[in-house]
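Heads up: the structure comes next, in structure tokens.
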Amino acid sequence: MTLDVDDLTVTIGGRRVVDGLSLHLADGARLGLIGESGSGKSMTTLAVLGLLPPQAVVTGSIRLDGRELVGLSDRQLAPLRGATIAAVFQDPRSALDPVMTIGRQVAEPLRLHGRVSRSEARRRAVEALAEVGLDESVAGSWPHQLSGGQRQRAVIATALIARPAVLLADEPTTALDVTTQAEVLELFRRLVDERGASLLFVTHDLAVLAQVAEEASVLSRGRVVESGPVARLLGSPVHPVTRGLVEATRATTWRAP
Amino acid sequence: MTRFLLGRTALFALGLVVASVLIFATLRLLPGDVAQAIAGTTGSPAQVAALREQLGLDRPVAAQYLDWAGGLLRLDLGESLVTGTPVAGEIAEKLGVTLPLAGLSLVFGLLIGVPAGVWAAARQRRPSGLVVGVGAQVLAAVPAVWLGMLLIALFAVTLGWLPTQGWPLDGWQEPGRALRSLVLPALTIGVIEGAVLLRFTRSATLSALDQDYVRAAAAKGTTLDRALLSHGLPNVALSVVSVLGLQVVGLVVGAVVVEQLFTLPGLGRMLVTDVGRRDLTKVQGELMALTAIVLFVGLLVDVLHRRLDPRLREVER
Amino acid sequence: MRRGSFVRALLRRPQGAAAVAWLALVALAAAVSRVWTPADPFRTDPYSAWLPPSGSHLFGTDAVGRDIASYVMAASGTTVLVAVCSGALALVVGLGLAALGSLTARAVRESVAVLIDVLVAFPTILVAMALAAAFGGSLGVVVVASGLGYGVTIARVSRSEIRRVAREDYVTAARASGAGTAQVLLRHVLPNIAPVFVVQLSLAMATSILAEAGLSFLGYGASAETASWGRLLADLQKFLGVHPWTIVWPGLAITLTVLALNLLGDAVRDAADPRLRPSGRVSATGPAAAAGPVAAVDSAPGVTS
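Protein chains in written order, with numbering that gives the first Met the number 0: chain A, 0 to 256; chain B, 0 to 316; chain C, 0 to 304.
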């Protein structure tokens, strides 16, 4: 499935957090969205899902396989969420409901969309957890009993369980330590490849992006300032913001022993 | 869980002890001669002497306290200084009115406050949400006495739907009439408690909305409103349980005044009368009973909260 | 944070401005009533009973012909007196207990902490009843009961505030650059916890006004010779069956004043929070944020805080 964003503008409280943004996510492709905090990247993913704060004003176009999403009501968008477009958010600590077991939360997309029985849903949840490398016993645990990495894997399992065609990942590894980061990224790559889903990967770290996406758009203050293959952006960045990001990557790599 | 239970029960017991000491000490602080003050100007020296002996005033203060405390443990609260009837029995009888009143008030309060609070948070930016929020703030400032009077003026005097005051002579033998007598009093307390609960629930819900998990839940395939209901609510309910203990304080406060206004033969009203009559023994017992109820409900609520919150439960893995 | 900008921030919000305006009006009425009221508040005139509102009797008259407007005005003095005294007592008790609970030896601190948690559960009205049984009802009983009752809440809030601020980085930094304990207290701790105390003070006053209304109604607050909004409610109650709506005047007076104090507390809290001042609202969910309604119900119980 393709995702086309054309001249998207999101205004909150008089401020344009996303300012005329356009991007094209081809079917089965992996596109990165990179920029500093406040550049509007998270707002873009929320806009696609229709989960912006109520006072946000949205103009422009977001088309999923040609179907216009901007202007649809919550109720019209609900059937698409989870089953067609799924999301992985940044902080696994707050993205999981503290008073519900992991198993139930992973199974939730199935229960919300299909006429899936509770036992069937449980079975598939355990399967999904296994795919991300989590033991069956995790299904009966509570979020606070898991480590950050385990929680994020659970969140990924939840996002993929209903076999979505498009996956939006908003800084999914930022809250994790470096080792876990690498593992989770590998997981992302593998699962997305296996299912042929399209991936929009949002991050502020070019090094992370390089491991996942082939193409990327650089965001600054709500608008795209440069885009192209990740290799080219890394090798010969044009825009000052891009150059800044590349510098930051080099600095981190430099410091590594 | 057991360790928490022990600790919390110890706190409860400590509360009872502190309460008993404070109540006893305050009532013995009467300026001048206690017995004389109670007997007033009409008492003969013989009556005053008899009173002094009955109260055990000749004995050291500590001994007097221990006597009374010992009695408390046996649930023997002494006899009324005015009528001589056993205090414990009278209190038990009056509780038959006060406890149902408190219970009904709590039910009203929860029914009014919690759903409205969640709704006000979900409609935060729209005018309807703001109106409810402001309304709750105004209601929380209304004195219970006045609200009760307004309700009487409207429902009893003007509309004639409910009795203005009083309690059926046969009490609970006539459950229908008894309940009708409790509606306005319980509504008085309930509305004010509801307003307080509304503000609290609203802020708890806003807090839940701020959290990612509601949005993440919506992203799984539902609307924000439904996600709030299935994920936000249990978390909000947990917060509400955590403050219920303090709500009970409001119920007790309300009961004293409301029973007086609606002339309900409950514990609160009896307390007010006995304070006026300086029936120290009864007052001691009544204060102790009311405080014990408040502390006990606090204990129950804390234990319940602990049991419900998975983060606080110790799970064997 | 400079005082001028704080006051301006306070008054810019409509609730803050309205609250301050009403409270100023009440204070003014209280002051003026010491020397003048439209009519003698206690003068009875049986032939003028139950007159409807008019030019000479702004709120009408009651069962014994007293001018309700004058009575309400005179009673505002009682309200102001009770509120101010209770608030002051509550602050003294609260800060005293908090000091005991923070600045002393470990054993004392722990005992005080437990004591505070226990005392918080005691309803003010029961304290008032106990005092009334011992000393007879009076406004003094109302003040002491309210002051003690809310003082314990303030103690609890203070302790948690002091603990919170003590852990903040800027305190450690100040200490590291050589500031002594007193200097740290004065220059860093106090200005940061001050807004919380202003909020608590206004809540304490609001609670005491409601307590006075209830206790005077029960007959254990203001005496018959003192004008009080609560007493007026008690007097009018007997005639609820025939003259149900005169109760509006004293009730409204109490409600508006309590509401104004609550709103003032909210406004102070919002004005003091630097996160809220630049542009619109940010959902403030700190410990002080939930302190709104009069009964101080929101300050979470000891177990969960």
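By construction, the Cβ of each residue, glycine as well, lies at the ideal position given by its N, Cα and C atoms.
Inset, instruction - Would you check if there are 3 or more beta carbon pairs closer than 8 Å linking the region 100 to 107 of chain C to the region 239 to 252 of chain C? - result: no
Legend entry - Expected contact under 8 Å - CB spacing of Ala97/C and Arg158/C to nearest Å: Within the third sequence, the letter at position 98 stands for residue 97/C. Within the third sequence, the letter at position 159 stands for residue 158/C. In this structure Ala97/C touches Arg158/C by the C-beta definition: roughly 5 Å separates them, less than 8 Å.
Inset, instruction - Might you give, ordered along the chain, the residues of its own chain that have their beta carbon closer than 8 Å to the beta carbon of Pro163/A, omitting 5 neighbours on each side? - result: Counting from 1 along the first sequence, the entry for residue 163/A is found at position 164. Counting only Cβ-Cβ distances below 8 Å, and skipping sequence neighbours, we find Gly81, Ala82, Thr83, Ile84, Ala85 and Ala196.
Inset, instruction - Using a Cβ-Cβ cut-off of 8 Å, state whether Thr157/B counts as contacting chain A. - result: In the second sequence, residue 157/B corresponds to position 158, counting from 1. Closer than 8 Å: no.
Legend entry - Residue-chain proximity (Tyr219/C, chain B), Cβ-Cβ < 8 Å: In the third sequence, counting from the first residue as 1, residue 219/C sits at position 220. Yes, Tyr219/C counts as interfacial toward chain B.
Inset, instruction - Spell out whether any CB of chain B is found under 8 Å from the CB atom of Gln236/C. - result: Indexing the third sequence from 1 puts residue 236/C at position 237. Closer than 8 Å to some Cβ of chain B, the Cβ of Gln236/C qualifies, so yes.
Inset, instruction - Sort Ala270/C, Val126/C and Leu200/C by Cα distance to Asn261/C and report the nearest one. - result: Taking the third sequence and counting its residues from 1, one reaches residue 261/C at position 262. Residue Leu200/C is the option with its Cα nearest to Asn261/C.
Inset, instruction - Compare the C-beta of Gly213/C with all C-beta atoms of chain B and state if any pair is closer than 8 Å. - result: Position 214 of the third sequence, counted from the first residue, corresponds to residue 213/C. At least one C-beta of chain B is nearer than 8 Å to the C-beta of Gly213/C.
Inset, instruction - At 7 Å on the CB atoms, spell out the chain A contacts of Pro233/B, in chain order. - result: Taking the first residue of the second sequence as 1, we reach residue 233/B at position 234. Simply Val98.
Inset, instruction - Please confirm if His304/B has its CB atom under 8 Å from at least one CB of chain A. - result: By 1-based counting over the second sequence, the position of residue 304/B is 305. By this cut-off, His304/B is not an interface position.
Legend entry - Residues bridged to Ser60/A (per DSSP): Along the first sequence, read from residue 1 onward, the residue named residue 60/A stands at position 61. In DSSP, Ser60/A forms a bridge with Asp5/A.
Inset, instruction - With DSSP as the reference, label Thr36/C as helix, strand or coil. - result: Against the third sequence, residue 36/C aligns to sequence position 37. Taken through DSSP and simplified to helix, strand or coil, Thr36/C comes out as coil.
Inset, instruction - Work out the CA separation of Ala205/C and Leu111/A for me, nearest whole Å. - result: Numbered from 1 along the first sequence, position 112 holds the residue referred to as residue 111/A. Numbered from 1 along the third sequence, position 206 holds the residue referred to as residue 205/C. Going from the Cα of Leu111/A to the Cα of Ala205/C covers about 48 Å.
Legend entry - Rounded separation between Ala28/A and Pro190/C - CA only: In the first sequence, counting from the first residue as 1, residue 28/A sits at position 29. In the third sequence, counting from the first residue as 1, residue 190/C sits at position 191. Spanning the two alpha carbons is a distance of roughly 56 Å.
Legend entry - Interface residues of the region 218 to 229 of chain B facing chain A [CB-CB below 9 Å]: Ala218, Lys219, Gly220, Thr221, Thr222, Leu223, Asp224, Arg225 and Ser229
Legend entry - Environment of Gln215/A [buried if 16+ CB atoms lie within 10 Å]: Within the first sequence, the letter at position 216 stands for residue 215/A. Note that residue 215/A corresponds to Ala in the displayed sequence, not to Gln. Burial call: buried.
Legend entry - Interface flag, Val25/C vs chain B, CB-CB below 8 Å: Numbered from 1 along the third sequence, position 26 holds the residue referred to as residue 25/C. With 8 Å as the cut-off, Val25/C does not count as an interface residue toward chain B.
Inset, instruction - Please state if the CB of Gly39/A and the CB of Val16/A are separated by a distance shorter than 8 Å. - result: The sequence position of residue 16/A within the first sequence is 17, counting from 1. The sequence position of residue 39/A within the first sequence is 40, counting from 1. Yes, the Cβ-Cβ distance between Val16/A and Gly39/A is below 8 Å.
Inset, instruction - Report yes if the C-beta distance between Gln210/B and Ser93/A is below 8 Å; otherwise report no. - result: In the second sequence, the residue the question calls residue 210/B occupies position 211. In the first sequence, the residue the question calls residue 93/A occupies position 94. Cβ distance < 8 Å, so Gln210/B and Ser93/A count as in contact.
Inset, instruction - Could you tell me the boundaries of the alpha helix (DSSP H) in which Val92/C lies? - result: Your numbering for residue 92/C matches position 93 in the third sequence. Start and end: Ile67 to Ser101.
Inset, instruction - Output the boundary residues of the alpha helix (DSSP H) element that contains Thr254/C. - result: Here residue 254/C is taken as the residue at index 255 of the third sequence, counted from 1. That run of the alpha helix (DSSP H) goes Val247 to Ala271.
Legend entry - Arg277/B, buried or exposed, once every other Cβ within 10 Å from all chains shown has been counted against 16: Looking up residue 277/B in the second sequence gives position 278. Answer is buried; the Cβ neighbour count reaches 16.
Legend entry - Buried or exposed by the 16-neighbour rule on C-beta atoms within 10 Å, applied to His230/B: Here residue 230/B corresponds to residue number 231 of the second sequence, with the count starting at 1. Counting Cβ neighbours within 10 Å, His230/B comes out buried, since at least 16 surround it.
Inset, instruction - State buried or exposed for His143/A, treating a residue as buried only when at least 16 other CB atoms are found within 10 Å of its CB. - result: Counting from one through the first sequence, the residue named residue 143/A turns up at place 144. His143/A comes out exposed.
Legend entry - Range covered by the alpha helix (DSSP H) that runs through Ser93/A: Counted from its first residue, the first sequence places residue 93/A at position 94. That run of the alpha helix (DSSP H) goes Pro91 to Ala94.
Inset, instruction - Would you check if the distance between the CB atom of Val154/A and the CB atom of Ala127/A is smaller than 8 Å? - result: Numbered from 1 along the first sequence, position 155 holds the residue referred to as residue 154/A. Numbered from 1 along the first sequence, position 128 holds the residue referred to as residue 127/A. Not closer than 8 Å, so no.
Legend entry - Distance CB(Gly146/C)-CB(Ser215/C) smaller than 8 Å: Numbered from 1 along the third sequence, position 147 holds the residue referred to as residue 146/C. Numbered from 1 along the third sequence, position 216 holds the residue referred to as residue 215/C. No, Cβ-Cβ distance for Gly146/C and Ser215/C is not below 8 Å.
Legend entry - Extent of the continuous beta strand (DSSP E) to which Pro233/B belongs: Numbered from 1 along the second sequence, position 234 holds the residue referred to as residue 233/B. No beta strand (DSSP E) holds Pro233/B; the alpha helix (DSSP H) holding it covers Leu232 to Leu260.
Inset, instruction - Please state if the CB of Val87/A and the CB of Ala158/A are separated by a distance shorter than 8 Å. - result: Locating residue 158/A in the first sequence gives position 159, counting from the first residue. Locating residue 87/A in the first sequence gives position 88, counting from the first residue. Cβ atoms of Ala158/A and Val87/A: closer than 8 Å.
Inset, instruction - To the nearest angstrom, report how far apart Ile160/A and Leu109/A are at their CA atoms. - result: Counting from 1 along the first sequence, the entry for residue 160/A is found at position 161. Counting from 1 along the first sequence, the entry for residue 109/A is found at position 110. Their backbone Cα atoms lie some 7 Å apart in a straight line.
Legend entry - Residue-chain proximity (Asp90/A, chain B), Cβ-Cβ < 8 Å: As a position in the first sequence, residue 90/A is number 91, starting the count at 1. True, the Cβ-Cβ gap to chain B drops below 8 Å.
Inset, instruction - May I ask you to list, following chain order, the residues of the region 136 to 149 of chain C that have a beta carbon less than 7 Å from some beta carbon of chain B? - result: For the region 136 to 149 of chain C, there are no residues whose beta carbon sits under 7 Å from a beta carbon of chain B.
Inset, instruction - Would you please state the rounded distance, in angstroms, between the beta carbons of Ala221/C and Pro40/C? I believe it to be under 8 Å. - result: The count along the third sequence starts at 1 and reaches residue 221/C at position 222. The count along the third sequence starts at 1 and reaches residue 40/C at position 41. Their Cβ separation, rounded to whole angstroms, is 13 Å, which puts Ala221/C and Pro40/C out of contact at 8 Å.
Legend entry - Cα-Cα separation, Val111/C to Gly165/B: In the third sequence, the residue the question calls residue 111/C occupies position 112. In the second sequence, the residue the question calls residue 165/B occupies position 166. When rounded, the distance between both Cα atoms is 44 Å.
Legend entry - Residue of Leu184/A, Met99/A, Leu79/A and Ala55/A minimising C-alpha distance to Arg14/A: Indexing the first sequence from 1 puts residue 14/A at position 15. If we check each option's Cα against that of Arg14/A, Ala55/A comes out closest.
Inset, instruction - Taking C-beta pairs closer than 8 Å, name the residues in chain B that Met128/C reaches, listed in chain order. - result: As a first step, residue 128/C must be located in the third sequence, where it is residue number 129. Within chain B, the residues Val255, Leu270, Val271, Val274, Val282 and Leu286 have their CB atoms less than 8 Å from the CB of Met128/C, given in chain order.
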